[in-house]
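As numbered in UniProt numbering, the sequence shown has no gaps in its residue numbers, which increase by one up to the final residue, 275. C-beta atoms are modelled at their ideal positions from N, C-alpha and C, and glycine is treated no differently. Okay, so here's the structure we're looking at.
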Amino acid sequence: MRLMISAVVVVYIGYFFPSYVLLDYYLSITREWALNPTLDRALYSAFAYYFLPVIAFFVLFVSARRDKHWKQYLTSWPRNVCTWGEGALILIGVISLNSVSNYLQYIIFDWFSPGSWQAQSYNFTPLFSASDGVIDWSSVLRSALDGVLISPVIEELLFRYLLFVIFRSIFGVTNAALLSSLIFASIHQWALDAFMSGAFLCWVFERYRRLGVVIVIHACHNLFILLYDLVYYLSTQLHFNPWEAVDISIIALQVGYLVIFSLFIDYQRRGFKER
């Protein structure tokens, strides 16, 4: 229990604190600096989103190594081997799940706060900079480094490799997945997407017990979104805005895929039990 409380505190110091508390103080200090705005933002991002989370992971990892349940879980033999085909199916599942959750958010926003969804579409921040059809490829590179190489590694280490396993030893698989995903969602702008994909990745980690699998799935998902936005911009001269793109027919197809995917996994599980 002490390790669980420490884990929650450490994660919020590493993520929530720099995003929502430290930022105001940082802006008040740097307001007088004669820095390039891009450099100023890069300095803050490097400190708040990379340096502090790495420290948080290190502190949590040192504490978790003393816990026997965490050691036993991570040294247990994986129940399944993830093939390339299964990895592709899981990746499509994550993408479909996020799209469906986006539609659910649209329904919730429209029901409880009419007009707020449209307001969010105007406040949407694109993944890269572009103007008059000219793409700033350095911003694309920064997005790729952040979303494909850095964030998936840090987030999977913290939320699946450490937090999920710590919670699992106390609450069991389902509750641990829900609780760790709730914390994961609380540090993301797209809360429902993050919660559902976080729970899904907990299931993937529980199924294969290989950190590399969830990191690759997470990275490929982020890469898909970036490439999709690039292709969309090159063809329309507009950024893909998920706050505006709600297509019922596509959502229906993705729901159907998720149902088929669930049946496939259930079939595999039954076959595994029989063996």
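Close beta carbons around residue i, own chain, < 6 Å, minus the five adjacent residues each side
i, result
"residue 82", "208, 213"
"residue 351", "Since the displayed the chain opens at 1 and closes at 275, residue 351 lies outside it and no answer follows."
"residue 184", "159, 194, 198"
"residue 167", "176, 179, 180"
"residue 196", "97, 101"
"residue 171", "none"
"residue 87", "none"
Segment limits, alpha helix (DSSP H) that includes residue i
i, result
"residue 168", "165-171"
"residue 203", "191-208"
"residue 229", "211-236"
"residue 152", "151-156"
"residue 140", "137-144"
C-beta atoms of residue i and residue j nearer than 7 Å
i, j, result
"residue 186", "residue 164", "no"
"residue 221", "residue 94", "yes"
"residue 127", "residue 234", "no"
"residue 177", "residue 202", "yes"
"residue 152", "residue 107", "no"
"residue 217", "residue 89", "no"
"residue 148", "residue 223", "yes"
Contacts around residue i, its chain only, beta-carbon distance under 7 Å, and the 5 residues preceding and following it disregarded
i, result
"residue 193", "98, 101, 102"
"residue 143", "127, 128, 226"
"residue 199", "177, 178, 181"
"residue 237", "133"
"residue 104", "192"
"residue 357", "Residue 357 is absent from the structure shown; the chain starts at 1 and stops at 275."
Cut-off 8 Å between Cβ atoms - residues of its own chain near residue i, not counting five sequence neighbours on either side
i, result
"residue 275", "In this predicted model, residue 275 has a pLDDT of only 49, less than 50, meaning its place in the structure is not dependable; the value taken from the coordinates is given anyway. Excluding positions up to five away in sequence, the list is empty."
"residue 262", "none"
"residue 211", "156, 157, 160, 161, 205"
"residue 229", "126, 127, 128, 239, 240"
"residue 58", "none"
"residue 188", "194"
"residue 111", "none"
Test: residue i CB closer than 7 Å to a CB of chain C
i, result
"residue 136", "Judged by its chain identifiers, the structure shown contains no chain C, having just a single protein chain."
contact_flag[the segment 130-139, the segment 152-161] where n(CB pairs < 8 Å) is 3 or more: no
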